[in-house]
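Engineer: Okay, handing you the structure first.
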Amino acid sequence: MSSARSFLGAASEDLSADGAPLAPLYDLRSSFDEIIGVSDAMAAVFRLMESAATTAIAVLLEGETGTGKELVARAIHRISERSQRPFVAVNCAALPETLLESELFGYRKGAFTGAASDRIGLFEAADAGTIFLDEIGEMPLAMQAKMLRVLQDGEVVPLGDTRPRHVDARLISATNSELSTAMAAGRFREDLYYRLAAFPIRLPPLRERRQDIALLTSRFLAAAATRHHKQIAGLEKPALELLLRADWPGNVRELQNLIERAVALARDGEVLTIEHLAPQAPPAGEFSPYDLRPDTDGIAHFGRERCSVSAAGADPDLRRARAAFETEHIREILARHGGNISRAARALGVSRVVLRKKAKEYDLR
């Protein structure tokens, strides 16, 4: 077993609160590869994502900064019937009101100073695909009224034009604020909210999915070690316990940035310690760390082997390493349940259709 595979594959074992091995990622399909989670909270999110992908109705992703809203939007697009069409992402807070309308709806030549030629908007660019509007709560009220027309009629009117243009872009929007508060304050239209939130998905903050922290840490550490061309010998237990207890106001993105910095500070072959994480480690919250298996060397073990990553020895193709781990894990779960697809699927947190597809793909009989 390569060091990279032992790190990534074994990372999901022996760190559950009750001592049972953690389940793998919910769907096991490559479409969800970038979204890491084995907790009940994330299993619920994955199920909603899969359901949302089968429809064309508007999806509203609600979650704090750093919870991975754009990753979720892209994953929904990838497993939908629109996957071969464009995915267009727009940050509503990054564009001033004067530019937002022309960016979204386009303009005709001469519509304003500098409009030297016709230009289609992002809704038209996403036709037959998906448009993702991030930070939708920051959209000005005047634009909200125009957005309502797009959702009601499926039409946009470019600046400088009077003729509506039909668009068929599936809308996924996201917010890190409480839109109910904005509606009560008159900053967000209630009628638009109910159009946007036809299919709401709440993304849990990291403090509500602590079971995922060890797995996230292992994945981020593996990737950072590869980027920095270093071998990281392990993670000291006090350092892991600090990560497990932290409040993480910046959520997954904060954890990822912290691990990236720690690997950058570490020397090749070192074990990561609290000193590598400080002074950027967030304050500890009221949480008892998981019952880590006692080890004589004081190093946190993610499963049967020491957490070890070698950029030189890693399989450069992460998908192959992931597939190898999935094959062994599915084989083990099937054997544990006597080959019963229904029981094994429940244990894995996937549908029977998905499990049969994976069993066929990996030639598991």
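Note that my numbering has the sequence shown beginning at 13, numbered continuously upward. Ideal Cβ placement from N, Cα and C applies to all residues, glycine included.
(1) Out of 256, 227, 235, state which residue places its alpha-carbon closest to the alpha-carbon of residue 276.
(2) CA-CA distance, residue 111 and residue 46?
(3) Residue 206: buried (16+ other C-beta within 10 angstroms of its C-beta) or exposed?
(4) Could you check where the beta strand (DSSP E) with residue 101 kicks off and where it finishes?
(5) Looking at the structure shown, is residue 241 part of a helix, part of a strand, or coil, going by DSSP?
(6) Taking 7 Å as the cut-off, is the CB of residue 126 close to at least one heavy atom of the ligand COA?
(7) Taking only three categories from DSSP, how would you classify residue 142?
(8) Nearest by alpha-carbon distance to residue 222: which of 254, 202, 250, 208 is it?
(9) For residue 271 and residue 64, which I take to be in contact (beta-carbon distance under 8 Å), what is that distance rounded to the nearest angstrom?
(10) Measuring alpha carbon to alpha carbon, tell me which of 119, 139, 352, 101 ends up nearest residue 68.
(11) Which word fits residue 153, buried or exposed, when buried means at least 16 other C-beta atoms lie within 10 angstroms of its C-beta?
(12) Are residue 418 and residue 170 closer than 8 Å when you measure CB to CB?
(13) Output the distance between the C-alpha atoms of residue 100 and residue 144, rounded to the nearest integer angstrom.
(14) Assuming residue 269 and residue 218 are in contact, meaning their beta carbons sit under 8 Å apart, how far apart are those beta carbons, in whole angstroms?
(15) Within 10 Å of its beta-carbon, does residue 79 have 16 or more other beta-carbons around it, so buried, or fewer, so exposed?
(16) For residue 95 and residue 182, I'd like the C-alpha separation in whole angstroms.
(17) Three-state secondary structure (DSSP) at residue 166?
(18) For residue 113, which residues of its own chain have a beta-carbon under 8 Å away from its beta-carbon, when the five flanking residues on both sides are left out?
(19) Helix, strand or coil: which one does DSSP assign to residue 250?
(20) Assuming residue 72 is part of the beta strand (DSSP E), what are its boundary residues?
(21) Applying the criterion that 16 or more other CB atoms from any shown protein chain within 10 Å of the CB defines a buried residue, is residue 231 buried or exposed?
(22) Specify, as a first and last residue, the run of the alpha helix (DSSP H) that residue 286 falls within.
(23) Give the secondary structure of residue 200 by DSSP, where H, G and I count as helix, E and B as strand, and everything else as coil.
(24) Give me, in chain order, the residues of the same chain whose beta-carbon lies closer than 6 Å to that of residue 85; leave out the 5 immediate sequence neighbours on both sides.
(25) Under the rule that 16 or more other beta-carbon atoms within 10 Å means buried, what is residue 357, buried or exposed?
(26) Can you name, in chain order, every residue of its own chain whose Cβ lies under 7 Å from the Cβ of residue 285, other than the five neighbours on each side?
(27) Would you mind working out which of 147, 121, 72, 74 sits nearest residue 107, comparing C-alpha positions?
(28) Shortest alpha-carbon distance to residue 175 belongs to which of 374, 120, 279, 97?
Structural biologist: Quick answer:
(1) 235
(2) 32 Å
(3) Exposed.
(4) 99-103
(5) Here residue 241 sits in coil by DSSP.
(6) No copy of the ligand COA occurs in the structure displayed, which carries no ligand at all.
(7) strand
(8) 254
(9) Incorrect: roughly 30 Å between the Cβ atoms, too far for contact.
(10) 139
(11) exposed
(12) Outside the displayed range of the chain (13 to 377) lies residue 418, so it cannot be described from this structure.
(13) CA-to-CA, the gap between residue 100 and residue 144 works out to about 6 Å.
(14) That pair is no contact at about 13 Å.
(15) buried
(16) 11 Å
(17) coil
(18) 155, 158, 171
(19) helix
(20) Note, residue 72: beta strand (DSSP E), 71-74.
(21) Buried is the call here.
(22) That run of the alpha helix (DSSP H) goes 286-289.
(23) coil
(24) The answer, listed in chain order, is 144, 184.
(25) Around the beta carbon of residue 357, 16 or more other beta carbons sit within 10 angstroms, so the residue counts as buried.
(26) Around residue 285: 248, 251.
(27) 147
(28) 120
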